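Take 880 as the starting number for the sequence shown in our numbering and just add one per residue.
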Amino acid sequence: MGLFGRRPKTPPVARQWYITKRCLELIVASSRSSYPKEFGALLRVDEEEKSTITEVVLLPGTISGNSHAIFKLYMLPIDYSVVGTVHSHPSSIARPSEADLDLFGHFGRVHLIVGVSAMGQASWRAYDHEGRVLDVRVK
Ligand code: ZN
880 MGLFGRRPKT PPVARQWYIT KRCLELIVAS SRSSYPKEFG ALLRVDEEEK
930 STITEVVLLP GTISGNSHAI FKLYMLPIDY SVVGTVHSHP SSIARPSEAD
980 LDLFGHFGRV HLIVGVSAMG QASWRAYDHE GRVLDVRVK
């Protein structure tokens, strides 16, 4: 668990996060195609523009499933371009569960949840490490 020990104790500086339209579309499409199971991946930022999420990274050993235990924390890379997680909620409600809040508190600074309905409608929200809603702009 040495990875977690490296987290700074001071609160992160407030910053504006962005996600590219292309990346968001991929996330929504993956969330829809995983339905009724969960889709889960890591979020990676651009090397130059470190506040812009440009890519999703599938974790080795991550499987889509019906539980929230899709992220194996010991498999998280020590890679500072990975800033958080994304996963879908087939319940269609894009609110973090207790297990999600626990995950957010252990890893990452920005987390997306995509709610997917049986009709294929998707809505998403972003949260910080304490489960507070974050404003992530699409660009
Ligand atoms: Zn969840």
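Note that beta-carbon positions come from the ideal geometry of N, C-alpha and C, so glycine has one too. Note that the structure is predicted; figures quoted are calculated from it, not measured.
Name the two residues that bound the continuous alpha helix (DSSP H) containing V987. As a working note, residue 987 is residue 108 in the sequence shown. Sequence inspection shows Gly at residue 987; the Val mentioned does not correspond to that position. Per DSSP, G987 belongs to no alpha helix (DSSP H) and is neither H nor E.
Check whether the stretch 909 to 926 touches the stretch 970 to 983, taking contact to mean three or more Cβ pairs, one atom from each stretch, closer than 8 Å. Taking 8 Å as the limit for Cβ pairs, the verdict is that the stretch 970 to 983 does not touch the stretch 909 to 926.
Locate the alpha helix (DSSP H) running through R1004, then write down its first and last residues. Stepping through the sequence shown from its first residue, residue 1004 is reached at position 125. Where R1004 is concerned, there is no enclosing alpha helix (DSSP H), although the beta strand (DSSP E) it sits in stretches over A1001 to Y1006.
Since R923 is in the beta strand (DSSP E), which residue starts that stretch and which ends it? Residue 923 sits at position 44 when you count from the first residue of the sequence shown. R923 -> beta strand (DSSP E) spans G919 to V924.
Apart from the five residues just before and just after H966, which ones in its own chain have a Cβ nearer than 7 Å to its Cβ? Translated into the one-based positions of the sequence shown, residue 966 becomes position 87. The residues are E917, F918, G919, I949 and I992.
Tell me which same chain residues have a C-beta within less than 6 Å of the C-beta of G881, skipping the five on either side of it? Indexing the sequence shown from 1 puts residue 881 at position 2. Residue placement at G881 is poorly supported in this model, since its pLDDT is 46, which falls under 50; the coordinates still yield a value, given next. The answer is none, since no qualifying residue turns up.
Residues of its chain near S1002, where Cβ-Cβ distance is below 8 Å and the 5 sequence neighbours each way are ignored: In the sequence shown, the residue the question calls residue 1002 occupies position 123. Once the five neighbours on either side are set aside, the close Cβ partners of S1002 are S971, A973, V993 and G994.
Residues near Q1000 in its chain [Cβ-Cβ closer than 8 Å; skip 5 each side]: Within the sequence shown, residue 1000 is the residue found at index 121, counting from 1. The beta carbon of Q1000 sits closer than 8 Å to the beta carbons of S971 from its chain, once the five residues preceding and following it are set aside; these are given in chain order.
Assigned secondary structure, I972 (DSSP; H/G/I helix, E/B strand, else coil): Taking the sequence shown and counting its residues from 1, the one referred to as residue 972 is at position 93. DSSP places I972 in coil when its eight states are reduced to three.
Start and end of the beta strand (DSSP E) containing R1029? There is no way to answer for residue 1029, as the model of the chain reaches only from 880 to 1018.
Comparing the CB of D1014 with every heavy atom of the ligand ZN, is any distance shorter than 7 Å? As a first step, residue 1014 is located in the sequence shown; it is residue number 135 there, counting from the start. Because no heavy atom of the ligand ZN lies under 7 Å away, the Cβ of D1014 does not count as near it: no.
Would you verify that the beta carbon of T899 is, or is not, closer than 8 Å to some beta carbon of chain D? You won't find chain D in this structure, because it holds only one protein chain.
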